[in-house]
Structures are given as C-alpha cells and as structure tokens.
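K.L.:
Have a look at this one before I ask anything.
Protein chains: 4
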Amino acid sequence: MNDSREIELVGHIIDSGIMEHVLDSILDMGGDFEILEFNVGKKKTDTSYARVRVNGTNSDNLDAIISTLHRHGARLIDSDDVTLVPAEGNRIVPKGFYSTTNYPTQVRINSEWINVQNIEMDCLIVVSADKKSACATPMSKLERGDLVVISEHGVKIQPPERSRSHEEFEFMCGSISSERPTVTTIRKIAKEILDTHKKGLKIALVGGPAIIHTGADSATASMIREGFIDILFAGNALATHDVEYNLYGTSLGMDIRTGELVSAGHKNHLYAISEIMRAGSLKKAVDNGVLKSGIMYECVKNDIPYVLAGSIRDDGPLPDVITDSIVAQDEMRRYIPEIGMVLMIATMLHSIAVGNCLPSYVLTVCVDINPSTLTKLMDRGSSQAIGVVSDAGAFFPMLLDQVHILLKNSE
Amino acid sequence: MNDSREIELVGHIIDSGIMEHVLDSILDMGGDFEILEFNVGKKKTDTSYARVRVNGTNSDNLDAIISTLHRHGARLIDSDDVTLVPAEGNRIVPKGFYSTTNYPTQVRINSEWINVQNIEMDCLIVVSADKKSACATPMSKLERGDLVVISEHGVKIQPPERSRSHEEFEFMCGSISSERPTVTTIRKIAKEILDTHKKGLKIALVGGPAIIHTGADSATASMIREGFIDILFAGNALATHDVEYNLYGTSLGMDIRTGELVSAGHKNHLYAISEIMRAGSLKKAVDNGVLKSGIMYECVKNDIPYVLAGSIRDDGPLPDVITDSIVAQDEMRRYIPEIGMVLMIATMLHSIAVGNCLPSYVLTVCVDINPSTLTKLMDRGSSQAIGVVSDAGAFFPMLLDQVHILLKNSE
Amino acid sequence: MNDSREIELVGHIIDSGIMEHVLDSILDMGGDFEILEFNVGKKKTDTSYARVRVNGTNSDNLDAIISTLHRHGARLIDSDDVTLVPAEGNRIVPKGFYSTTNYPTQVRINSEWINVQNIEMDCLIVVSADKKSACATPMSKLERGDLVVISEHGVKIQPPERSRSHEEFEFMCGSISSERPTVTTIRKIAKEILDTHKKGLKIALVGGPAIIHTGADSATASMIREGFIDILFAGNALATHDVEYNLYGTSLGMDIRTGELVSAGHKNHLYAISEIMRAGSLKKAVDNGVLKSGIMYECVKNDIPYVLAGSIRDDGPLPDVITDSIVAQDEMRRYIPEIGMVLMIATMLHSIAVGNCLPSYVLTVCVDINPSTLTKLMDRGSSQAIGVVSDAGAFFPMLLDQVHILLKNSE
Amino acid sequence: MNDSREIELVGHIIDSGIMEHVLDSILDMGGDFEILEFNVGKKKTDTSYARVRVNGTNSDNLDAIISTLHRHGARLIDSDDVTLVPAEGNRIVPKGFYSTTNYPTQVRINSEWINVQNIEMDCLIVVSADKKSACATPMSKLERGDLVVISEHGVKIQPPERSRSHEEFEFMCGSISSERPTVTTIRKIAKEILDTHKKGLKIALVGGPAIIHTGADSATASMIREGFIDILFAGNALATHDVEYNLYGTSLGMDIRTGELVSAGHKNHLYAISEIMRAGSLKKAVDNGVLKSGIMYECVKNDIPYVLAGSIRDDGPLPDVITDSIVAQDEMRRYIPEIGMVLMIATMLHSIAVGNCLPSYVLTVCVDINPSTLTKLMDRGSSQAIGVVSDAGAFFPMLLDQVHILLKNSE
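Next up, the structure:
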C-alpha cells in the first residue's frame, strides 16, 4: 500500500512552530502519523530533527497532505531530482505544477540543490534549458516549451524560523494594531531604516495620494532628498497630486495649508498633468524648471527610480505612467531583488501588488488609517508584514523626526 | 377647514438653508404651501422675512408638518402662551410633550418670551410653579406634578445661522474626513482652544483609554498642567490605564516605551486599581505621594474636576468612579453650562454621552481612528461636531506643539 | 469698475438649495451681493426667479466667484457664445479651460444652446470643427487643434432639483448608513431595478471578487440570466474567482461550501486562468464546454457585454482582460450613455472608475462592508450615490428574493 | 544558584503549540533551557511528555519566565500546596496574587487538586476558610480577610488543546473575516446552536440596538419564541428600541418598514420608555397588554431571563435597567455557569463585558459590521471568539432560515 510516505524536518522545528503545523495539518486533512525518530535540540543553540511517517486515507489524500507539509518546510526522505514538464503553450500551466511560496527555495537538479532565483509567491519554477539555473516565473511570462517543475518532489523551502536572539521589532510581524504607542512604533521603524541601509540593502516606498492630502508631502520629499528612500512605487494619483501641490499648493483642489477647497481648484489637477504633458515627462519638467520641489522632484534630482503604474480610475495620466498593468508589473519586478525593506503608505492597490512580488524575508511595514487594508495585505500572503494603523499626515513628519534623532544620537 | 396654518421665518433664512428646509419638508410630508409674503435681504447684512401658508392633507398631517417646521426655526403667526400639563407620575411623559432640540430655545409665558435653561436635546421643558422660569429636563428627572410644555405652541428656537463673516474653522462643521491635511487641522484646533479661553469659556476633554495605549499620556498631562483643559469626562479605563502607566510604565500590561507585553504585566492593571483603593481615592493617592504624574495626577494637582462614569465592562473600578449611570449623568451635566469647547478623543461611549447633553453652540471636535465613531456621534444629534480621523498617539503631541507655537507667535 | 456682475437663477431655486448655495458661496469667498429681483414661486408647482448682482473684492476674485456660482446653476445675464481656443498639443489643456460637472450641460454657439454629449465630470468641452456639436472630452483624448471651451461664458448646467413629488428612494441620495433596515433598503433597490428597465434604460453591475468569496456567485449569475443586469464592469479578480469557483468550487483556494481552505487550493486560481488561456477567451471556454456556469458564463450565454480592466496586482490575467488602463476606460465609456442605474458591489477601484464617467442623473447604488469605500466614492464627485453598508454575500441573495417577490406581486 | 527550575508538560503539547510557546517564551524573555526528557506521542492518540530545565538571568527573571510558562500550561515539578495570604482590605489585592486565565484551573490544597469555581479571566482565586473550595473572584468582590492564592505555585491550568478529531467550525476560532462565504458561516452557526442545546447547555444573546435599526427585530423575537435563545444580555438601548418599534413601528424615529424618518418620531423613543415606566416594568407592560410583540415581549412570555445594564449615554432608562454597573456585572455573572454558547451581535460594550466573564471553552460568535469591534474583543482576551463581519439585519433572518432548514433536514 503506497499511501504512506516518510518526511523529515530539520532545524528549530519546535520553537518555530513547524512541528506543530506539520502534525496539525496531517490531522486536519484526515491523515495519521507515526513519529519514527525525534532528536530534540536540548539547548537553544541546538537544532532538532524529526522523521515522521505520514499516512493518508488514499493516495490522493496523501499527495494533498504532502503538498501541504512541504509548505511548512517538510522534505520527503526519498527526495529525487525535480520532475520537469515543458509548457504546452504561452501562459498555459502544466497540470500538477509546483506553485511557489515567498520563502527561499531550492530545487534538486542532477543531484544538486540550486537556488531558485527571484522567488515570489504563486509563480511557477522554470528551469533553464541547460538545467543550470531555475527561476520563479509568473504565469504571465510562461512561454511554450519552458521547463516547469511539477509537484513538490525535489523542492526544498526554508520557512522563516524564529531567530534565536530576541529581535526588537520582530515580535510585531504579522500583527496589526491601532492600540500600540505611536511614537514607539515609529522609532522602531526609523531604526530599521537605518539598519537596512547599514546592511547595504535598499528601501522602497509604496505610496498613495493620501500622502499629499494629509500634508505629508514635504516630509516625504525630505526622506527622499536625505537618502532614506531608494525606490518609489506608486500610481498616477500620488505623482499628480504631488505635482499639483508643488505647482499650485492644492491637492485635488484643496489648499493644503488651510484645508479648504479653493475655487476652481478642481482644475489644478488637470493643469498639473497638462504641464507635465507639455514638458514631456517629469524629468523634463524638473530639468526645465517647471517642477521645483516635492516627491517627484526629489526622485528626479536624486536619481531615485520610480515606477508609476496606471489604473482604470486615472485622470490623464502623466506621461511617466505605465498604463499597461503587465508592463508595469515587469518594471516593478526589476527593482525587487535589491530591496531589504518596504514602507507601504496609504495605498491598498499598490501595497498588495508589491507585496505579491516580495520574498518573505523583506521587512514590510504597512501604514494605513484603515485596518482593513492591513488585513487584506496579510490575507493575500504578505504574512510577514507589520501593520500600523495610523495617519500618513502624522506618520511621515514623526518618522522624519525620529530618523533625525537616531542619527544625532549615533554620532 | 382647519388644516392650514400660517408660519413666519425671520433672519438669514435663505443663505442658512432655513427656507429650503421649510419648503422641502412641507413637500416631503405631502403638504402644500403658498408664500404670502417674502422680503428678501438685499445685502448680506440684511435679514429676510417670509410668511407662508402651510396646507396639510388633514389636521394630523398639518400638526406633523408644523412640528417639523418648528425644528427648522419656523414660528406660528398666531403664537400664544405655551400649553402646560402636569406630569402624572415620576418619569412619565405627558402625551404630546414638546421634545427639545439642542438649539437656544425660548417659551412664551404670560405673553413674555423667557429663555429655557440648560438646553439639551431630547428633553422636556418644565416650567417652574411660579411660571417665572423654564428648564430643559431629562426624562429621568421628571417628577409628578412638573409643569410640562405641550406641543410647539409658544416655543421658539434659534437654529444656527451661517455667520456673516467667514470663519476659519466653521466650514468643517458636520464633516468627517480622513483626507485633510493633519497638521493644518490640528493647528486650527489649537487656535480654537486659545480663542475659547479668551472668551472666558471652559474646555472639556472627553477621553478614552487609547490615549494611554497610543502613548499620548504625557502630552495630555501637559495640556492639563498648562491649563488648556478645564474639565475631564472619562471612564474607569482612562483613569486606570493612566495610573497603571504612571506607577508601572505599562498600559494593560504593554510597556509603552517598547510597545511589548511585559511578563505578568496584566496584573499591573489590577495593582493600579488596588493602590488607589488602598489610598481611598485618586486625590488621596496624589496627596500621599503614591501617584506622582500623569493625567489624573495633573487633574488633582491643578483642581481640574473630573467625572469618571462606570460601565459594565469595568475592572475594579477605582473608588472615584461613579458606578450608577444616572448619577454620573447628573454629575456630568453640572459642568456643561460653562463649557465652550469639547475635545472628544477615542471614546464612542463617553463622546455620545457628553454630546447628548451639549447645546448646539458648543464647539465639538471629535478625534478617532475609526470614522464610524464620528458618524455615529453626528447621527445621534451632535451635528455641529467636527470629525477628525486620526490617531490619539500622534494627535496629542502634535496638538501640544501647535498650541506652543501659536502662543509663542502671539507673544 | 468691473468687479461686479449680474447673474440669474431660474427654477425651484429655494427648495432645491440653489439660492442658499449661491449666496453662501459669495460670502464664503469674500464677495458681496445685492438681490435685484426675486420672484418666488408661491405654490409648489411655480418656479422662482432671482437676479443678483455679485461683487468681488477684485476682478480675479469676481471671476473665481462666478466660476463657483456657475457650478451651482447660476447663469450670467450677459451670456454670449462660448469662447473657443484650439488645444496646442495632444493632452495639453488650454489655460482657463472649462472643466465639466456631471450635470446636464449646454453651450451657446452661434446664439443657440446645444447639448454637450457624453457629459462626465472633470472633462473639457470640445466643439466640433463645424461648430454643430459639443462633447465632453477627457484629457487623455484631447488632440492638438481641438476647439476647447474656455471659462463659464456661454455654458449652462442643470444641477439636480428636488423633484416636486415625493420619491420613495430619493431621500437617501448622498447618504451612507449602516443603521438602516437592510431588507427595506434592498426592497427599494429591487424596485428601482424594475423601474429602470420599465423606462428602457440599462443596468450596470460593477463588481469585486468579494462577490465570489462571500458566496454570492450564484445569486449574481441568476440576476444576469434573468435579465436584471445588462452590462458588467469588473477586473481580472472577479472573473478569475468566478471561473475558479465554477471549475473547482473554490475561490482563492477556499471551498465556498465549507468556508475552509482546500489543500493545494491556491493553485486553482492559476489553473482557472490557464484553462481560459488554453481556450483563448471566456467566450471560447463557454462555447467549447469548459465553463458551464457562473457570472462570466451567464454574460457570454446572454450576450451581456463585460469590460474587464487590468490592474497592477493581477495574476494572469485572463485573455479577456484589457491590461491598458486607458484602453479599458475607453471601452467602459462606450456603454455609459445607455445606463440608467449602476450597482457597485464591493470594489472601490472599479466603483470610483465608473463613478468618474457617470452623469449625475444615473441612479448609483454602492454596497460595501466598509463605509470608507462609500465615503471615498462620494468625496470623489459621485455625490448622487446611495451608500449601503452591507455584505455582498447577504445582499445578493436577498436582492434576488426581493426582485422575485416584486415581480410576483405585480403579476 | 537558584535561578533554574524544572517544569513539565503533558498532553498533545506539540500539535497544540504548547511546546512551541513554552520554548519561545523562555527565549523571548532572555532565558535559556535544557530539555531533560522528551517522550513524544508517536501516534495521534498518544500524548507527549516533556521535562525542561528553565534558566533565568536572575531570580526575578526566572520568576517572570515561570509565570509566563504557567499560562501556557507548564507545571512546576516541585509543586506544593498553594500559598495563601489574607486580603488586607476590601478590594485591595495582595502583592504577588495569582491572576486567573479563562482556562479551566485547579489549585492544590492539602495535597489535593480541586477545581476553581466560576473561572473567568483577570480575577483572584479565593480559597474558602475551610480550605475545601476555591473560587475565581473579581477584584470588586474581594473582602478583607479572604484567603488569596499567591504566585503560580500549586496552580494548574488546562489551555485548550486542538481536538484530535477534525471539528467543522473550530478552525475559525480566533479569526475574523469579511471574506468568507456568508451563508456557509451562518449555516455553521445554526448547527452549533442546535448542538449546544443537544448538550444541555444554554445559549446567550448579547445584542445591541442595531438589531432593531437594521430590521432584525422580528427574526430575533422568533429565535427567542422558538427556544433558540435562553438568556439575553443587553442595555437600555436594545430594549427601548424594541419597545419603540413594537409600540410605534419606529426605531429612534425611523420607520423600519420604509427606512424613513417619521415626523416627530424622535419622541417615540421617550414615549416608549414612558409607557414602560407607567406600567412599572417590562413584565407588567406585557401582562397588562401594552407590549404585545418583540424581543422583550418574547423574553417575558417565555421566561427568558434578561440583564439590562445601564450606561452613561442612556435615555430614561427603562425601569428594568440596572443602572449600577457593578450590580449589573454581578447579575450577569449569575447566568454565566450554564452557558455553552454566546451570540454577540452589534454591541462592543456588552460583548466585551460578557467576554470578560466567560470561560475559554464557551463557544463565542461575535457578529459586527465593523471589524474593529471583533479585533478589540479578541485583543481583550476572548481569543476563542469567532468573528463574523456582517450586518445584523441580514444575519438574523438568514440564521433563522438556516436553523429551520437544519431542523427540517434532521426530522
């Protein structure tokens, strides 16, 4: 009877909850288990090892269980090379394909474990024709003949383990709270910004137009000018509102200094777009002196790349906006590998889009006045994110302050 | 046929929307009208006058229409003295009683118009036995034999008119927005605080425990110490969390400086209450040196009165908490007449309770991270309130800063 | 001195609040007024007429005031033909351009008033070269040489007037409430659906993927099959989840009949897309028998047009998705002129996108579990919308029931 | 050196996550561990056993760690009888008191383990003078001389273990989702209602006034009449709105059948209270025929006990309302021991109040349109609750339907 398989688990499998999730999942799915071997790390520096026989109610059930256990980090004892099947057409996934997690992943080819490049969730793994490399490939990029990994055989992932040392900020991962001390949380984010740069990694800002509405434009522009932001992901709205504010002092016609709607101010939005159209691009508008301050200005002046993705509700849009969503995704993905930290501020659409492409080990902080945005981000797989329920207009000036305080203290 | 009555309207009845609401209501309710006289104020300083015949489909319909028009400020032409009926029992309202608005109100007695004292919404008007005075009386205070005003006859109200001069902050009344510039809004609130004190009126703070959770305790305590808050309305939770934080550094067991839960910190909440129990009251705990800082400390030290109202979910509660809700309401009402401005921060229960007792002319600012709290407050009649969707932990430190900046600039 | 102009107002200008808004705006903007003539409609069927001299503090201020009054329906007495200026480049708006409202609009050309076609907010008005027609034109469609209307001269709009007869549903326009009787509200929506069809107008559904998650797929498919929906506007997510559910019983891997996550169910999402890729399109998948039920199936079977607009967070997307946001907007606009009612369910992105293109007289009902979505829709100009805070999974089955009950009762 | 202690863990300690939480907490708090013995249950029916030496950085640290481990279910090897200290005054807690969880709890007295009665969270354990019984005692009931348990010595708790068999509904515990299939969720709740009654346990309804506003009054009354609800916990608002609706057809003046505000309807609220005042109580109003239908009517007719707790924002209140919050809590606690399931609908205040008093094994379902209410309930310790983001007006009629369907199917 072949509805039984052996798996093994290695590492800090108890205190990281891996053992729990594995046994739980077997029971949840109607299976059964026998623990064949269990060497527990006696001290906190020791790793543990477990060998478990998994029984399914039938062979389909067993496959389903194994597939789930794999996602918790279990490996089949009898691991072999990956099975590869050529894609039968562009963007047509083979039956039984291996669907990626956002954890670091290796595949076994010719008896060697090689790293999967550009890991992101819900992709296929495509192995190069020479079988020397493997790459996580979104469905939209799958081409006829691509060698696609099938099933979990020969695939290993490394779910995040709790670090052995107590990390200051880590305890908040996966949490959302509107009941935390605001200044304390912001101080920790400021510290992570400096630490990320110390490690030589980049910081991306994913921002929505509320940054401008709520009066955080200049604090955000300062963050960019002073070098704390390395990449900007946004939409037409953020860029247009920023230009409108910096050309006319308004955001969708509201005077930011008074909070009042300005007569005929609603036109400023279209004038702002039009001025950039006339110049040809944001860069040209900066170069020819039309745009003299703000978030987009600082990006241009400081060579900070930006990806502005179009959406169905855009006015204009600005000439810099990539209106095709697949092209915009590709452009966004170009910058992902260098990123060590992402700040997502007041935009559900772009936050989820970027979250979809991030490996699990990128520190992700999402700030929104609406806790539902944070819940949705995490539900969609960015479970490593730290959710902060706050107001962009208060958050950014306070963050800039805290960064300055930390820098001063560290001098 | 008696289903027709004449009403008159006086004042800035066009640009304050009163004329619109009156005609609209007549149509909405199935009635009809004829405008008998209409002298429109030609210039902005002129008042207008209208006399309108109102027709109802029958006499009940006409009564219903007249009752509604009254609430928009219309007066019956043939106004006579109020009709009075003695209450048949304690807390038993007579049929057809006049139910108050929160607008300034006068009643006609012995052919003279006298002001109704302590106006608040949804009360009865009780006229004194000597018929020299009238007072808005909540149902819970109605006593057998009280002379209760029946119907709108002989009752005049003054709904708020748009002021002729453009007021900076006023345009926001009745609005809620998470898309306003945060710093700008806070600056306006700071200005209103100073202006209210210049007018010799008092400022009440209605606060929830999130003031402590979000790290705003010391900014709030400073506001009290520096004299910007004159009365505190809250519950057991705010006071207990404040004491817990100032005795042990935690709020419900979370260390406010680190945002982390402290081992056994959940006991601090009960210890905090117990320490005040032991002292006998907050005041005694301050006097004997147990409580040395925080919101409640500053209240005691600066003779700022506080009303702590009990609720069904309280632990303890503190000895200063008034556990009977009717007694607590009465105590709260004692302070209402002197108040010119109310800051409601992060508490739906107490905000609505205080809002219920406020006349319409008290400037009411409500700050909450959850826009639903603001909507509910306004839906329950506090339509003059200004709603700010923000985070107490960011709001209070920023408000204190802005008050300081304004004071410095005005020197 | 030229900082004074005469305007006139005609219609139910008092009870529709137009007179109030006009006088208010003048005062708000620092101007002054004199009412030169005011004939008030004495009875509810009579219209009123007012002639008002408006004074500004200077000529710029006067222009700003006049521009605002125009948007309330005021007309300049000395109205002349529109001023036209050719656009200097593609998508470059001329200085001083007239920015449209979503109200019915006319322009005066050669002394005749002609209707502006395809009115939608925040567009330019372009007059044809032969000056026989005028069309609201989004900035993205503006071409070099187009004749663009400048300023409010020669432009008339008709803001909505309160209808004279009491309409059942109308009182809710512009309101949001989670505190209304759910069944009552749904019954009214059902009635409007039948009434819209009686008038020969079409009904559009704008839907998000929560329709599937919350279990409303089959009720929605029934609505389409039974002819209550004429056009579908959505994104990749709704269509993909619908296909996934109808092929595999899951939505993003959750079994809709049990609410539980299915092992390896996360792959179903990609399989669903892949199956449609293989077929070539949704239509072909229906034709060749792959897709046999659901929302998209019913659209294909019943020749209900759909516009699926791409977004940056899409997986796949399906071959039917229009990935370029500007192309998708154009496609969406093709269907707008025939629409009399729009149901927006659980999607902020698509709701605002469609709302942007709708004339003010289209009945717009927006249902979302999150009141912020409704607030944002209205804040962005769709002020005629009726907001319902409810759950798609409860709403659609109850709506279908109510439609059936109404139909049965009317037999 | 005494900063090391041995603890033991027994049961399904791996798959219930207990082992993980224990080791994690030690590391989080700066401690260290050595696993001395670990017998793992090889099969799913076997229990595991672990003996662990815990090292703290000093004796205070060790105490803190042990205290935390205790709450995860760890027991000290060298367990002895509990330490008892008499309370020095009413409501004054002794230093180092044991603070209860909401898990089943035992204390060791005279070498025997006895169950703690009336377990609820954040209480003290008071042992009777004869040392024969122990009872969880809220601080407000603590009296001078009461024998209070100090520290975790001699105290054992049973945190919930994952049940070995796969329970249908259980997987949702501690979760909140607006993205679940509504009908499916409601069907499961219906099933739990029937199952709870089969087990001979009682079902409590904790309800807010939105039950009336949203039109769920009669479905809720049916639930009571048909015997599905055994106890009602609410406030003045639910009862008053129910009476208002059943006497006058309105709720806070809104006609529930049309959703429109009724002229002078705001008075109905006070009339409703007044009518009950006149009768003397809800029961008398039912007995003398004044109140003939609705939620409160069915409670009286069917001898369903209700506890109506007062709050600071009440009008009236009704004579049945317990205005003192401490008296109301006591009354509420009288009914807790018999309860097997609680439905909390649209009330944050009462839900948290009841949640505070419930043992962890009571099935708790909380339904609210606002996900923040659910988050707060769980954050305050009711972590076993199942949160459903839905609309009371849709939920109750659908729940009644599902109960009827299940009953019919089981016939």
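Order-wise, the sequence lines are chains W, L, Y and X. Taking numbering that gives the first Met the number 0, the leading residue of the first sequence gets 0, the next gets one more, and so forth. Taking numbering that gives the first Met the number 0, the leading residue of the second sequence gets 0, the next gets one more, and so forth. Taking numbering that gives the first Met the number 0, the leading residue of the third sequence gets 0, the next gets one more, and so forth. Taking numbering that gives the first Met the number 0, the leading residue of the fourth sequence gets 0, the next gets one more, and so forth. Even for Gly, the Cβ is constructed at its ideal location relative to N, Cα and C. Since we're looking at a predicted model, the values are computed, not measured.
#1: If L:I351 sits next to X:R379, beta carbons under 8 Å apart, how far is it from one beta carbon to the other, in whole angstroms?
#2: Note the first and the last residue of the continuous beta strand (DSSP E) segment covering L:Q116.
#3: To the nearest angstrom, how far is it from the Cα of X:S66 to the Cα of L:V289?
#4: Rounded to whole angstroms, what's the CA-CA distance from Y:T46 to X:G309? Just pull it up for me.
#5: Please report whether the beta-carbon of X:V261 lies at a distance below 8 Å from any beta-carbon of chain W.
#6: Take the Cβ of X:N38 as the centre, count every other Cβ of all protein chains shown within 10 Å, and call the residue buried at 16 or more, exposed below.
#7: Considering X:K41, what are the terminal residues of the alpha helix (DSSP H) in which it resides?
#8: If you draw a straight line from the alpha carbon of W:K201 to that of W:I404, how long is it in whole angstroms?
#9: If you compare alpha carbons, which of W:G40, W:L75, W:K197, W:H71 is closest to W:P103?
#10: Should L:E19 go down as buried or exposed, given a rule of 16 or more other Cβ atoms within 10 Å for buried?
#11: Out of Y:I272, Y:V285, Y:G88, point me to the one whose CA is closest to Y:L317's CA.
#12: Which runs of the beta strand (DSSP E) spanning at least 3 residues fall entirely within the region 229-267 of chain L, listed in chain order?
#13: Just to make sure I have the definition right: I need the residues of chain Y whose C-beta is within less than 7 Å of the C-beta of X:S292. Which are they?
#14: Considering only residues of the region 343-388 of chain L, which uninterrupted beta strand (DSSP E) runs meet the minimum length of 3 residues and lie entirely inside it, listed in chain order?
#15: To the nearest angstrom, report how far apart W:A203 and Y:N60 are at their CA atoms.
#16: Could you name each continuous beta strand (DSSP E) segment of 3 residues or more that falls completely within the region 275-345 of chain L, going from the start of the chain to the end?
#17: Just by C-beta distance, which residues in the region 356-371 of chain L are closer than 8 Å to chain Y?
#18: Do you know offhand how far L:G226's Cα is from L:K407's?
#19: If you count every other CB in all the chains shown that lies within 10 Å of the CB of L:R333, and 16 or more means buried, which is it?
#20: Which first and last residues belong to the alpha helix (DSSP H) in which L:G392 is found?
#21: Does X:N301 pass the burial test, meaning 16 or more other C-beta atoms within 10 Å, or should it be called exposed?
#22: Give the residues of chain Y in contact with X:T239, contact being defined as C-beta atoms less than 9 Å apart.
#23: In the DSSP assignment, the alpha helix (DSSP H) including W:N60 goes from what residue to what residue?
#24: Spell out whether any CB of chain X is found under 8 Å from the CB atom of Y:A209.
#25: Is it buried or exposed for L:T100, if we count other Cβ within 10 angstroms and need 16 for buried?
#26: Between the C-alpha atoms of X:Q383 and X:G354, what's the straight-line distance to the nearest angstrom?
#27: Does any CB atom of chain W fall closer than 8 Å to the CB of X:I385?
#28: Measuring CB atoms only, is the region 3-23 of chain L touching the region 9-27 of chain Y, in the sense that at least three cross pairs come out at less than 8 Å?
#29: In chain L, which residues lie less than 9 Å from W:G234 when you measure between Cβ atoms?
#30: Are the region 72-85 of chain W and the region 134-153 of chain W touching by the rule of at least three beta carbon pairs closer than 8 Å?
#31: Kindly indicate which three-state DSSP category W:I192 falls into: helix, strand or coil?
#32: At the level of alpha carbons, what is the spacing between L:D314 and Y:L357?
#33: Go through its chain and collect everything with a Cβ distance to Y:G55's Cβ below 6 Å, but skip five positions before and after it.
#34: Who are the near neighbours of Y:P159 in its chain, counting only those whose CB is closer than 8 Å to its CB and skipping five residues on each side?
#35: Using a beta-carbon distance cut-off of less than 8 Å, what residues from the region 299-311 of chain Y approach chain X?
#36: Going by C-alpha to C-alpha distance, which of Y:G206, Y:G258, Y:Y244, Y:V388 sits closest to Y:L307?
P.N.:
Judging by the given coordinates:
#1: Here residue 351 of chain L corresponds to residue number 352 of the second sequence, with the count starting at 1. Here residue 379 of chain X corresponds to residue number 380 of the fourth sequence, with the count starting at 1. L:I351 to X:R379, Cβ: 21 Å. No contact.
#2: For the purposes of this step, residue 116 of chain L is taken as the residue at position 117 of the second sequence. Segment 111-116, the beta strand (DSSP E) holding L:Q116.
#3: Walking along the fourth sequence from the start, residue 66 of chain X turns up at place 67. Walking along the second sequence from the start, residue 289 of chain L turns up at place 290. Looking at the two C-alpha atoms, the distance is approximately 27 Å.
#4: Position 47 of the third sequence, counting from 1, holds the residue named residue 46 of chain Y. Position 310 of the fourth sequence, counting from 1, holds the residue named residue 309 of chain X. When only Cα atoms are considered, Y:T46 and X:G309 end up about 52 Å apart.
#5: By one-based count along the fourth sequence, residue 261 of chain X stands at place 262. No, no contact with chain W.
#6: Residue 38 of chain X sits at position 39 when you count from the first residue of the fourth sequence. Under this definition X:N38 is an exposed residue.
#7: Indexing the fourth sequence from 1 puts residue 41 of chain X at position 42. Unbroken run through X:K41: none, as it is neither H nor E.
#8: Counting from 1 along the first sequence, the entry for residue 201 of chain W is found at position 202. Counting from 1 along the first sequence, the entry for residue 404 of chain W is found at position 405. Here the alpha carbons of W:I404 and W:K201 stand approximately 21 Å from one another.
#9: Here residue 103 of chain W corresponds to residue number 104 of the first sequence, with the count starting at 1. For W:P103, the closest C-alpha among the options W:G40, W:L75, W:K197, W:H71 is that of W:H71.
#10: In the second sequence, the residue the question calls residue 19 of chain L occupies position 20. L:E19 comes out buried.
#11: Along the third sequence, one-based indexing puts residue 317 of chain Y at 318. Selection Y:I272, Y:V285, Y:G88 evaluated against Y:L317 yields Y:I272 as nearest (Cα-Cα).
#12: DSSP assignment within the region 229-267 of chain L yields the following whole beta strand (DSSP E) runs of 3 residues or more, N-terminal first: 230-234.
#13: Sequence index remark: in the fourth sequence, residue 292 of chain X carries index 293 (1-based). Listed by position along chain Y, the residues whose Cβ is nearer than 7 Å to that of X:S292 form an empty set, because the closest Cβ is around 16 Å away.
#14: Taking only runs of at least 3 residues, the beta strand (DSSP E) segments lying wholly in the region 343-388 of chain L are 362-367, 385-388.
#15: Taking the first sequence and counting its residues from 1, the one referred to as residue 203 of chain W is at position 204. Taking the third sequence and counting its residues from 1, the one referred to as residue 60 of chain Y is at position 61. Taking the straight line from one Cα to the other gives about 43 Å.
#16: The DSSP assignment places 305-308, 338-344 as complete runs of the beta strand (DSSP E) inside the region 275-345 of chain L, in order along the chain (cut-off: 3 residues).
#17: Answer in chain order: P370, S371.
#18: Along the second sequence, read from residue 1 onward, the residue named residue 226 of chain L stands at position 227. Along the second sequence, read from residue 1 onward, the residue named residue 407 of chain L stands at position 408. Rounded to whole angstroms, L:G226 to L:K407 spans 16 Å at the Cα level.
#19: In the second sequence, the residue the question calls residue 333 of chain L occupies position 334. Counting other Cβ atoms within 10 Å of its Cβ, L:R333 stays below 16 and is therefore classed as exposed.
#20: Counting from one through the second sequence, the residue named residue 392 of chain L turns up at place 393. Element bounds for L:G392: 391-409.
#21: The count along the fourth sequence starts at 1 and reaches residue 301 of chain X at position 302. Under this definition X:N301 is an exposed residue.
#22: Taking the first residue of the fourth sequence as position 1, residue 239 of chain X is located at position 240. Per Cβ cutoff of 9 Å: no residues; X:T239 is ~15 Å from chain Y at best.
#23: Residue mapping note: residue 60 of chain W aligns to position 61 of the first sequence, counting from 1. Annotation for W:N60: the continuous alpha helix (DSSP H) segment containing it runs 58-70.
#24: As a first step, residue 209 of chain Y must be located in the third sequence, where it is residue number 210. A Cβ of chain X is located within less than 8 Å of the beta carbon of Y:A209.
#25: Position 101 of the second sequence holds residue 100 of chain L. Classification of L:T100: buried, given that the 10 Å Cβ count is 16 or more.
#26: Counting from 1 along the fourth sequence, the entry for residue 383 of chain X is found at position 384. Counting from 1 along the fourth sequence, the entry for residue 354 of chain X is found at position 355. Between the alpha carbons of X:Q383 and X:G354 lies a distance of about 10 Å.
#27: The count along the fourth sequence starts at 1 and reaches residue 385 of chain X at position 386. Answer no: the Cβ-Cβ gap between X:I385 and chain W never drops below 8 Å.
#28: The region 3-23 of chain L is in contact with the region 9-27 of chain Y.
#29: On the first sequence, position 235 is the one that residue 234 of chain W refers to. Neighbours of W:G234 on chain L: none; closest Cβ ~16 Å, over 9 Å.
#30: By the Cβ criterion, the region 72-85 of chain W is in contact with the region 134-153 of chain W, since at least three pairs of Cβ atoms, one from each stretch, lie closer than 8 Å.
#31: Taking the first sequence and counting its residues from 1, one reaches residue 192 of chain W at position 193. Note: W:I192 maps to helix in three-state DSSP.
#32: Along the second sequence, one-based indexing puts residue 314 of chain L at 315. Along the third sequence, one-based indexing puts residue 357 of chain Y at 358. One Cα belongs to L:D314, the other to Y:L357, and the distance between them is close to 54 Å.
#33: The residue labelled residue 55 of chain Y in the question sits at position 56 within the third sequence. Contacts found: D2, G30, L61, I64.
#34: What you label residue 159 of chain Y is simply residue 160 of the third sequence in a count that begins at 1. Around Y:P159: S15, Y102, S359, Y360, Q383.
#35: The region 299-311 of chain Y vs chain X, Cβ under 8 Å: nothing.
#36: As a position in the third sequence, residue 307 of chain Y is number 308, starting the count at 1. Closest option to Y:L307, Cα to Cα, is Y:G206.
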